[in-house]
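**Q** Basically our numbering = 1-based index in the sequence shown + 4.
Beta carbons: idealized from backbone N, C-alpha and C, even for Gly.
The structure under discussion is supplied below as C-alpha cells; questions concerning it will follow.
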Amino acid sequence: MGKANAPVKKNQFIDLTFSDLTHEGDGVGKIDGYPVFVQYALPGEQAKVKIIKVKKNLAFGKLIELYEESPDRIEPPCDVFYKCGGCQIQHMTYERQLTMKQKQVQDVMKKIAQMPDVPVHPTIGMDEPWAYRNKVQIPVGKRHGKVITGFYQKRTHNIIDMDTCPVQSESNDKIVREMRAIIDELEIEPYNEETHEGVIRHLVLRTGYHTNEVMVVIVTKTKDLPHKQELIEKIKELDSNIKGVIHNVNPKQTNVIMGQESKTLWGEDVIIDKIHDLEFAISAHSFYQVNPEQTEKLYDQALKYAQLSGKETVIDAYCGIGSISLFLAKHAKKVYGVEVVPQAVDDAKANAKRNHINNAEFFVGEAEKVMPWWKAQGLNPDVIVVDPPRKGCDEELLQAMIDMQPERIVYVSCNPSTLARDLKILSEGGFETKEIQPVDMFPQSNHIESVAQLVLKV
C-alpha cells in the first residue's frame, strides 16, 4: 500500500533518471523532489525501475532495464557479485568509488558536523584494488550432500558456494577450496544454523602481507573435532607458509564468528607481519587491519597529522595490539595506550618488546575512565590519537579529551557519520578540525576510513 503523499505506488513501473548516490552506493532518482533509491544504478543513467517499497519520504526500487548507461559502469569481475553481500560497488569504476567515498565524508561534514568548509581531500586509493584482504572468515555449510564454503547471500544466511573471491588473496582462496575438499573427504559435518547441529562453523585464515605466513583457524560448535589428527596432517601439506592450525570453539547460537576458547593444534600460536619496519605478532583473536597496503598509508597520515618532533607525550585511545602506538612511539617522547580487551594489551606489550620500543606503556581499561584518572595524576598529553569502533567515541571519552586540552587530536574513523557527530562535540569543546583525509581500506565495498586532524583553538 503506497503512502498517501508519495508520488509512486508499490509494484509500479516507472522511468527514472539518476542524479546521485547514497552513502551505501545506491543510485538516487527523484520524482517531483521525492527520492527513489535503487541498488546498482549510477548517476547520469536512465532506467526502468520497479517500485518495491514505499515510505512517506522515500521509496526503494529495483533496476529492471537500463536505457542509458553511465561511463562509470563496469562489468563486475566477480561472478557472484549480484548475490553476495560482501561487496556492494564492484559495478562502478574505481575512480567513481573513490569520489563517492570522498563525497560521503563531505556530506556528513555539512549535514551532521555543520562544518562545510573543512577540507576533505581526495580519497587515497590503491593501484591494484583487488586481492587485498589478509583475512578470510568463511562460513561452512552443506548442500545436496556436499560441503560448501562461501559468503552469505545479501540479507540472508544462505551460503553462496564459491571457489574464488576477487578481494581475497589467491593463496587463501586456494587453501579454502582444498580445506573444503578435505572436510568432505573426512566426512566432518558442517554446522547447521537452523538445527544448531553439526561441527564446523567457519574457516578463518590470516596471512602476513610482508611475510606470507598463514594461520588456519577452524571454528567448531563442538569441543570435539572429529578426525583431528588426519585433518592437521592434511592441512600442513597444503602450503609451506602455513605456520599454525588453531581450533576455536563457539558453542553459542550467535552471529559472532569466533568463541572465547582457542587451542593451538599444531605449530605456532601467532603469525608475524610487518607495518613498515615494525613487526607484529598476530593471534587468532587479534584485531589487525585487513588491508595491509592501505594500513601503511593510513598510519603515515595519522603520523603526519600528529606532527611529532620527539618531545611529545601521546595517548592512544583504543590502542588494540599497539599497532598505531608503536608507530607513533618511534617519533614521540612517550606513548600511553589504553584498550578494554586484556588479550590485546598483552599483545601490545609483547609487540613493544619484539620491536625494542621502551617508551610505550599499555593499560587495560575503558579509555573514558582511565584518561580522567591519568589527568588527575598529572598526565598532560600533547597529542591524543583515537581510533574507535564504528559507533564512534563515548561522550565521556570526548569530554576527557576536551578536559586534557592536548595541542592536537588525530581521529581515525571507520564511520563518517559518527566521526562528524564527534567532531561537532569536540569543536564545541574548543578544538578546530583542520582537514580530513579519506583512505580507501575496503575497495569494492561502501566502507571508508578517514583521518581527521584537530588543533586546540587558541
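#1: Quickly, what does DSSP pair N252 with across the bridge? List them, please.
#2: Roughly how many angstroms lie between the CA atoms of K438 and V387, to the nearest whole one?
#3: My guess is that G271 and K308 are in contact by the Cβ rule of under 8 angstroms, so how many angstroms apart are they, rounded?
#4: Once DSSP output is grouped into helix, strand and coil, what is the label at R147?
#5: In whole angstroms, what is the alpha-carbon distance linking P126 and A10?
#6: Report the residue ranges of all beta strand (DSSP E) runs contained in full by the segment 106-187; include only those spanning at least 3 residues, in chain order.
#7: Going by the DSSP bridge assignment, what does C88 pair with across the sheet?
#8: Since L330 is in the alpha helix (DSSP H), which residue starts that stretch and which ends it?
#9: Applying the 10 Å Cβ sphere with the 16-neighbour rule, what's the burial state of R159?
#10: Please determine, among V12, P410 and F155, the residue with the shortest C-alpha to C-alpha distance to C169.
#11: Which whole-angstrom value is the C-beta distance of G314 and K337, which I expect to be below 8 angstroms?
#12: Runs of 4 residues minimum, wholly inside the segment 347-391: which ones carry the alpha helix (DSSP H) assignment?
#13: What does the alpha-carbon distance come out to for the pair R205 and H251?
#14: Smallest Cα separation from I276: which of Y136, S431, P39 and G212?
#15: Looking at the structure shown, is L229 part of a helix, part of a strand, or coil, going by DSSP?
#16: Just checking, does the segment 391-401 make contact with the segment 357-365 on the three C-beta pairs under 8 angstroms criterion?
#17: Which two residues bound the contiguous alpha helix (DSSP H) that contains Q403?
#18: When you compare only the Cα positions, how much space is there between K469 and E400?
#19: Have a look at P39, D30 and V220 and flag the residue whose alpha-carbon is nearest the alpha-carbon of A3.
#20: Kindly give me the distance between the Cβ atoms of P447 and Q101, rounded to whole angstroms, as I take these residues to be in contact under 8 angstroms.
#21: Determine the DSSP secondary structure at E79, reduced to helix, strand or coil.
#22: Does the segment 39-56 come into contact with the segment 64-71, if we say contact requires no fewer than three beta-carbon pairs (one atom in each stretch) closer than 8 angstroms?
#23: Where does E453 sit, in a helix, a strand or coil, going by DSSP?
#24: Identify, in the order they occur along the chain, each residue of the same chain with its Cβ nearer than 7 angstroms to the Cβ of Q118, setting aside the five sequence neighbours on each side.
#25: For G324, which beta-bridge partners are listed by DSSP?
#26: So is G185 buried or exposed if we call it buried at 16+ other beta carbons inside 10 Å?
#27: Going by DSSP in three states, M104 sits in which element: helix, strand or coil?
#28: So K301 is in the alpha helix (DSSP H); what residue range does that whole segment cover?
#29: Applying the 10 Å Cβ sphere with the 16-neighbour rule, what's the burial state of K225?
#30: Within this structure, are the beta carbons of G116 and R412 separated by less than 7 angstroms?
#31: Around the Cβ of F17, are there at least 16 other Cβ atoms within 10 angstroms (buried) or fewer (exposed)?
#32: Which residues share a DSSP beta bridge with D24?
#33: If you follow the alpha helix (DSSP H) that T422 is in, where does it begin and where does it stop?
#34: Mind reading off the beta-carbon distance from L167 to R147? Whole number of angstroms is fine, and I expect it under 8 angstroms.
#35: What three-state label does DSSP hand E316 in the structure shown?
#36: Apply the 10 Å Cβ neighbour rule to I78 and answer buried if 16 or more other Cβ atoms are within range, or exposed otherwise.
**A** Checking against the coordinates, here is how it stands:
#1: V223 and S266
#2: 15 angstroms
#3: About 38 angstroms; that fails the 8 angstroms criterion.
#4: strand
#5: 37 angstroms
#6: 139-147 and 150-153
#7: DSSP output for C88 lists Q157 as bridge partner(s).
#8: S327 to A333
#9: exposed
#10: F155
#11: Rounded, the Cβ-Cβ distance is 6 angstroms, consistent with contact.
#12: 371-380
#13: 11 angstroms
#14: Here the closest residue by C-alpha is G212.
#15: coil
#16: no
#17: E399 to M408
#18: Residue 469 cannot be examined here, being either before or after the span of the chain that is shown, 5 to 462.
#19: Residue 3 falls outside the range modelled here, since the chain spans only 5 to 462, and no answer is possible.
#20: Their Cβ separation, rounded to whole angstroms, is 7 angstroms, which keeps P447 and Q101 in contact under 8 angstroms.
#21: coil
#22: yes
#23: strand
#24: K428
#25: In DSSP, G324 forms no bridge with anything.
#26: It should be noted that the sequence gives Ala, not Gly, for residue 185. A185 comes out exposed.
#27: helix
#28: P296 to A310
#29: Answer is buried; the Cβ neighbour count reaches 16.
#30: The sequence as given places Ile at residue 116; Gly does not occur at that position. Contact: no.
#31: exposed
#32: V32
#33: If you look at T422, you'll find it in the alpha helix (DSSP H) that goes P420 to E432.
#34: Going by the sequence as given, residue 167 is Asp instead of Leu. Going by Cβ atoms, the distance from D167 to R147 rounds to 14 angstroms, so no, they are not a contact pair.
#35: coil
#36: exposed
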